[in-house]
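There are 4 protein chains.
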Amino acid sequence: MECINGLRDEIRDCLHEECGVFGVYNNNDELDVSRLTYYGLYSIQHRGQESCGIAVEDEDVIRCYKQMGLVCDVFNEERLASLKGQVAIGHVRYSTAGASNVLNAQPITVNYRDGMMALAHNGNLVNSEELRYKMGSGGSVFVAGNDTEIIVKILSKNLVSEATIEDAVKQTMRVLKGSYAIVLLLQGKLIGFRDPLGIRPLCLGKLKHSYILSSESCAFSVMGAELIRDVNPGEIVIIDDDGTRSVQTPTPGHSAYCIFEHVYFARPDSYIDGASVYRARENAGRMLAKEYPVDADLVIGAPDSALTAAIGYARESGIPYGHGLMRNRYVGRTFIQPTQEMRDAAVHMKFSALRNEIEGKRLVLVDDSIVRGTTTRVVVQMLKEAGAKEVHMRISSPPVMFPCHYGIDTATASQLIASRLSVEEICQMVGADSLRYLSLESLLKAPGIDGGFCSACFSGNYMVKNNE
Amino acid sequence: MECINGLRDEIRDCLHEECGVFGVYNNNDELDVSRLTYYGLYSIQHRGQESCGIAVEDEDVIRCYKQMGLVCDVFNEERLASLKGQVAIGHVRYSTAGASNVLNAQPITVNYRDGMMALAHNGNLVNSEELRYKMGSGGSVFVAGNDTEIIVKILSKNLVSEATIEDAVKQTMRVLKGSYAIVLLLQGKLIGFRDPLGIRPLCLGKLKHSYILSSESCAFSVMGAELIRDVNPGEIVIIDDDGTRSVQTPTPGHSAYCIFEHVYFARPDSYIDGASVYRARENAGRMLAKEYPVDADLVIGAPDSALTAAIGYARESGIPYGHGLMRNRYVGRTFIQPTQEMRDAAVHMKFSALRNEIEGKRLVLVDDSIVRGTTTRVVVQMLKEAGAKEVHMRISSPPVMFPCHYGIDTATASQLIASRLSVEEICQMVGADSLRYLSLESLLKAPGIDGGFCSACFSGNYMVKNNE
Amino acid sequence: MECINGLRDEIRDCLHEECGVFGVYNNNDELDVSRLTYYGLYSIQHRGQESCGIAVEDEDVIRCYKQMGLVCDVFNEERLASLKGQVAIGHVRYSTAGASNVLNAQPITVNYRDGMMALAHNGNLVNSEELRYKMGSGGSVFVAGNDTEIIVKILSKNLVSEATIEDAVKQTMRVLKGSYAIVLLLQGKLIGFRDPLGIRPLCLGKLKHSYILSSESCAFSVMGAELIRDVNPGEIVIIDDDGTRSVQTPTPGHSAYCIFEHVYFARPDSYIDGASVYRARENAGRMLAKEYPVDADLVIGAPDSALTAAIGYARESGIPYGHGLMRNRYVGRTFIQPTQEMRDAAVHMKFSALRNEIEGKRLVLVDDSIVRGTTTRVVVQMLKEAGAKEVHMRISSPPVMFPCHYGIDTATASQLIASRLSVEEICQMVGADSLRYLSLESLLKAPGIDGGFCSACFSGNYMVKNNE
Amino acid sequence: MECINGLRDEIRDCLHEECGVFGVYNNNDELDVSRLTYYGLYSIQHRGQESCGIAVEDEDVIRCYKQMGLVCDVFNEERLASLKGQVAIGHVRYSTAGASNVLNAQPITVNYRDGMMALAHNGNLVNSEELRYKMGSGGSVFVAGNDTEIIVKILSKNLVSEATIEDAVKQTMRVLKGSYAIVLLLQGKLIGFRDPLGIRPLCLGKLKHSYILSSESCAFSVMGAELIRDVNPGEIVIIDDDGTRSVQTPTPGHSAYCIFEHVYFARPDSYIDGASVYRARENAGRMLAKEYPVDADLVIGAPDSALTAAIGYARESGIPYGHGLMRNRYVGRTFIQPTQEMRDAAVHMKFSALRNEIEGKRLVLVDDSIVRGTTTRVVVQMLKEAGAKEVHMRISSPPVMFPCHYGIDTATASQLIASRLSVEEICQMVGADSLRYLSLESLLKAPGIDGGFCSACFSGNYMVKNNE
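Structure representation (structure tokens):
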């Protein structure tokens, strides 16, 4: 175990990373639950590339393997073979530029008084400091000090004091403030629960007679499972041999689904809280074309997340769509940083402009967001050097001006270009001929569902605060 | 060193892998040649993911590091720092499903009588058996037994017997039959040479006062270098402090450029022998639309290599283009194979159909080739399950019916579906509503250049034979 | 982190492994505390080869690195350089034949309410089950579930409720039953404490103005430090800028030093509780010669731990001493187990008989103990095959008949040959010509000190029980 | 493969390292040849700790695995299982302080014209430069450039030109000058041959119906094989289904067995060229006592290699023998070097003085050699600090004044203390009360055999020169 404890340097180089959870309960089917979890995590790998883990319960013993790295690198046949059982949960964790270590890998597996449990969590508590101090005053110690460890300790206390699992989970949810989508392996059951505002996604699927939980529904198709429904805000779903049982805890009466899942984070083939992510992005692109039309020859999207919005813009505007910018499929792994003389090479490694497609054309470049602006500036320059006559940037969401407190790893406010510069200044900084952002009003309509959304990163309107 | 010598099991699971070479000579610029080679190899990583290596000459000593794995995994700052010098060459090697080992990694570095040399090679000799036997009769031994080892041994012999490097390389080229694009680090010079038919690509670039060789021009843009020209078939280019010097060896008078580089293998932002790969693919798509129009609602391409041809088809036909099929960006690494019950999961891990885009629509699915047909069958089924009313396949090249003898790692004839089944039978097998292939005549026009092409994989017309 | 949680298979292949602790507080000297700890752990490596770790405090932050493996394999310059600070503790842990993992590696580092602490422990609690259940009823969870985790949790609770560190440690010692020698890094101080019977060793050394704690004094000589004294049973030693401060907690008035440290476990150049381990072993050998003389030609010892007793036997008896049995210095690492046909090869790998020394001679083979007898049987056979006329075994301690509950990893009673067979039967089983064991009465006199000893493994008289 | 080619920095920090070879041919027995080779290499691990390898022939295919590291670390069950066959050879290679790499690991496996062969070599050619240049002039290239590669190339040439294996080996031996003990796997046969002077050892053993070759006979006992005889100087032994066949090549009529094998290098339980290594060392100790008696209280030996000579000294002199110096059994692996302030710590890590044994005594410290003297100086100081009244050094061989050209890795002349200082000066430098070396005349009598010995390291009389 590489456990360099101590203060962690919280420097992130980009917006947009969080976590993903998955769980499966084998109900009289011939399922290899660790293998299914492997495929599930593989499908939600985009939610976290730092570390991953799988915990499996087999006759009251929970075995867990977790490690730094991608699912395909961490697990192999031998490892999976050592993780046999009836119920499994898994987790993928985000990647950071600063120090990170296996202490923060999930699931967390502990022995409480009456047995073992494993828990995996996506989200972020806003009252973790307060909870940690309170528990520390009772003599509790923390190894990693992360939210998941806090949740496990509160839950274990409640399991001892409360009569049922439901009550223990309910009592636990009562003190947690913030966002959470949790899968829990306890007493042979698979349990999922979601914060009262439903900030982070969690959905329920079915494969033959067995039930599955996942952060995103895209994990279901790979294994031939079907999406049943989303877990509701504030809902506890308990899965065992009797099927699923639901317990609804109090909610404020409105949801605060994370709109950024639809803008960028989720996979386009997922359905979240009833909305197709693909459709939401195409809609956002269409609305963007209506709000901010431009006279141009070609619409291109920033690969890969903005391609759908670009298609939407192209269709609505009637301007031809094309692939003018190519993403190197080997990027995403670490590579050696260029020296000062080659400081733009990193972006050139990631993207290539296709001269034959863009030369002499007026481009609409659709992206889903601009965080720091440095990559965007190099991309615009790259397109111009490849012969683009004009580059009109259209962003399929409003300016990101505020950090996320609910589990998406945004930069600090000072690093967010939109919190420092006006749209006009950003346009100049990135070297575009024009720059427009979709209005928040339109964006919130894009998913086409009634549910309320959290849009704090655009508006600064945080729906859960520590002191509430 | 993992050197399990012995017979190699030559089973490949797909068409389309070969190698890439790169070299840079620092001429009074402040260049870090190993770092440039790293970036260059990174850019041509698509040409080979099995192993990679960099050799650098520094004051008559050549240091080489090579290893199984991707460029970004094999090299780090420390490794690059240990590879300082004035001239460097590098290599990326293809991936195989069978046993493979570091013995075959390149560059090869040897001591010959008068010093060290390093050589890296893309291509395939057709007379390697004959050469190996002849040299073995003279007492030569082979460690790896691959073409590159043969070439190095012949070259070293000629270096001792011939007066100049040019003569030694010329004499070497005289006995080599087949395809080769070679970079050579020798006596402080960087040397590139290409087979008399120019089957495999090799081009020359310039960065400040320094010269670069690369299999593909896409490597130049990342480092701010410019493409000067392609190395001609049969040409030797010698680079040293005096700049570049060219020696032309005899050629048959016509070229046999590999058409498959344009169809599939090269990166779309590369220019090969004067043709834009992007433009060649878009043209192929347009010609396909003309040859085989179809009444449909949406054109989609098989990611990533067929997207450009799909754009061409859409533009020519006027049918809207869309992203109906998504590629998982984490695939490409090894992952645990599904059990029999989940035998289609491997394809589902690789691709996802976007229901919202394709539901109820008649699709044109453009791909660049069909090798075995198994993946295609699952993809067509996936599209239909996602609601596609019809799936019309259009392939932007003729049926691949013959194995390549010149360096692209095709399956054997019996594995190539088009060598066993008629187009109609393939269509039924993959479950498409119609299937059409671009004519060879059209394909050869797609790059828009005069040069002759090798199209043996389509026609069986091999232009270099062992007994010639 | 490789954290395969779950039941652990407790199969041991030999007696005699436990743990070692070390700590150093830098008091205005120019000491590199992590490097000193590295050398210290290296010197007590014989106390545990499974895992090791070092924790260092630097300005209220404790950094810890621990890993499976030997000290020399786990740590390198880079790792040590990342562990800078003023105070350090370290730990080496025993090796087991069953599953073992990094979860059990020490030191344990946690955050309690008011900061961080690190703790390392040698020994074994006899009331751990009871403590774990009691704490679990209060909601506590355990990750590893080992004694050290229990101790840390009790201590952290007491740190919050008690006014001073002394009181917190005192309260902690009050509830711990069993053996413990502990080093603790807390609030910038180095603290050592030892169970009320002093079962496991712990001693205090001085280097310039700085103080050191170690399981054995042999660690001091390597760094030029001097042995000050042993930490007393029940004593707490607190080391900070003011030097050392001692707090004595209640004891039963007599000690129960582990006699097996002198017989086998400690290094012969260590002094434990005032006795020279070397002298104790030589004395035991001498007493053995007096109690059980034999007419023989050569005395040899079982390498390495019984050589000193053999010297004693030879000197007392006047029979020449020789090296008739050689130990392979590469054994100790894992090696591939022989197949059934070669089942004795493992012993042959470990030992070689020197024919020229023993041929035609009547041997006295001195060993310190016989646990299962299987190795002994092969060794005796080896000596006979090498020409020994007679082999008379003399054991420098009584038969080991009872498992240790205080931290030495003995086999279970049924695995101990002396608990099943009489001395005569053992003699026949191992194929010796005679076999005699030193009497317990003599053994307890061998160290030459007044202190009481724990000899439960010989007598079954356990001095600390759970229900006391 | 980590193949940093280039100049190698030839700095050694100590005398006394070379290589070991092993081979086994399975003749109708049920032998697992790779496993036997594993155990064989394990037994001769002391001959080289840098790298090791095993090559196995199975139906004309030779598979080889070799790697940096100890036998027990490089091989595991899985690796051995992949090396099935009828004949196997193996190699252990020495460790150096300078750069070393897997390119130099053995066995070397190559394809020659008519098949594969594998070869492993212990020794050193004195005409390698000349051979390399001559072969390079014929166009040969070298990857590693070591002696083994040269031998393989010459042999392969001769295999093509000569009618039989015997003739090919004979012709090869004709051009090799220097020392060599070689095992060769070729055409399904196991072949061993030894240089005409027999400088390096090689012996023949038998297990059931199968034959074994090994550098030392100690490898036989572990597998229950018996030593048949030594391979004679200049002899070729060919082993196949017909048993063993011997071919004797011309020799100068006298041998030049390496006397240093007996002094230090070989294992004491080996028999080399008819002499017991153990007996040779005991004899040397006895002669030393006769030549240089001293009035003292205790004889101790420098662990481990000088213990036998110390026993001999004690027996001859009648002075009691004891263990006053202990060797740390974990040393031998790399460990972090102490800083300047702790420059003697490295020796303290390796050895400990046992105060109780030596305090107040006049010691005879027997060692087998003094190379640089730095370690000796610290050991003497350590003994004095532990209370020794006098330390009289007695060395069981003459001063090492000349480098070895025949395969033992001695320091250069300038590093050898005896080539710079007189015995009296060395005595002062190491701080001993007296220092005496065994005479060469006596040493050469110690093994008790008639054969001539090479004693060039003591006398400078090199028996094979390049220009002969």
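Top to bottom, those sequences are chains Y, F, W and V. When we follow my numbering, the leftmost residue of the first sequence carries the number 25, and every step to the right adds one. When we follow my numbering, the leftmost residue of the second sequence carries the number 25, and every step to the right adds one. When we follow my numbering, the leftmost residue of the third sequence carries the number 25, and every step to the right adds one. When we follow my numbering, the leftmost residue of the fourth sequence carries the number 25, and every step to the right adds one. Backbone N, C-alpha and C define an ideal beta-carbon position, used for all residues, glycine too. On a predicted model such as this, the values are computed, not experimentally measured, just so you know.
CB contact check: residue i to chain V, cutoff 8 Å
| i | result |
| --- | --- |
| K181/F | yes |
| H286/W | no |
| F477/F | no |
| G169/F | yes |
| G356/F | Only weak support is given to the placement of G356/F: the predicted model assigns it a pLDDT of 48, under 50, and the question is left unresolved by the model. |
Cβ neighbour criterion (16 or more within 10 Å) applied to residue i
| i | result |
| --- | --- |
| N52/F | exposed |
| K181/V | buried |
| T332/W | buried |
| R303/F | buried |
| R379/Y | buried |
| T188/V | exposed |
| S329/Y | buried |
| D254/W | buried |
| K314/Y | exposed |
| D392/Y | buried |
| R198/F | exposed |
Chain-ordered neighbours of residue i on chain F, where CB pairs are closer than 8 Å
| i | result |
| --- | --- |
| A384/Y | Residue identity differs from the one stated: residue 384/Y is Gly in this sequence, not Ala. Residues of chain F passing the Cβ test: none, with the nearest at roughly 14 Å. |
CB contact check: residue i to chain Y, cutoff 8 Å
| i | result |
| --- | --- |
| V246/F | yes |
| K177/W | yes |
| D293/F | yes |
| G277/W | no |
Within chain Y, partners of residue i - CB distance below 7 Å
| i | result |
| --- | --- |
| E381/F | Y302 |
Below-8 Å beta-carbon distance, residue i vs any chain F residue
| i | result |
| --- | --- |
| R137/V | yes |
| G109/Y | no |
| S58/V | no |
Interface partners of residue i on chain V, CB under 8 Å
| i | result |
| --- | --- |
| L445/W | Result: empty, since nearest Cβ-Cβ is about 28 Å, beyond 8 Å. |
Neighbour list for residue i in chain Y, Cβ cutoff strictly below 9 Å
| i | result |
| --- | --- |
| T398/F | Residues of chain Y passing the Cβ test: none, with the nearest at roughly 17 Å. |
In chain order, each beta strand (DSSP E) run of at least 3 residues that lies wholly inside the segment 43–93 of chain V: 43–49, 75–82, 85–92
Length-filtered (3 minimum) beta strand (DSSP E) runs lying within the segment 292–358 of chain F: 322–325, 349–351
Inter-stretch contact at 8 Å, needing at least 3 Cβ pairs: the segment 57–76 of chain F / the segment 473–492 of chain Y: no
Completely contained alpha helix (DSSP H) runs for the segment 409–456 of chain Y, where each covers 4 or more residues: 441–444, 447–454
Segment contact, 8 Å Cβ cut-off, at least three pairs: the segment 381–396 of chain Y with the segment 411–423 of chain Y: yes
contact_flag[the segment 460–470 of chain V, the segment 243–260 of chain V] where n(CB pairs < 8 Å) is 3 or more: no
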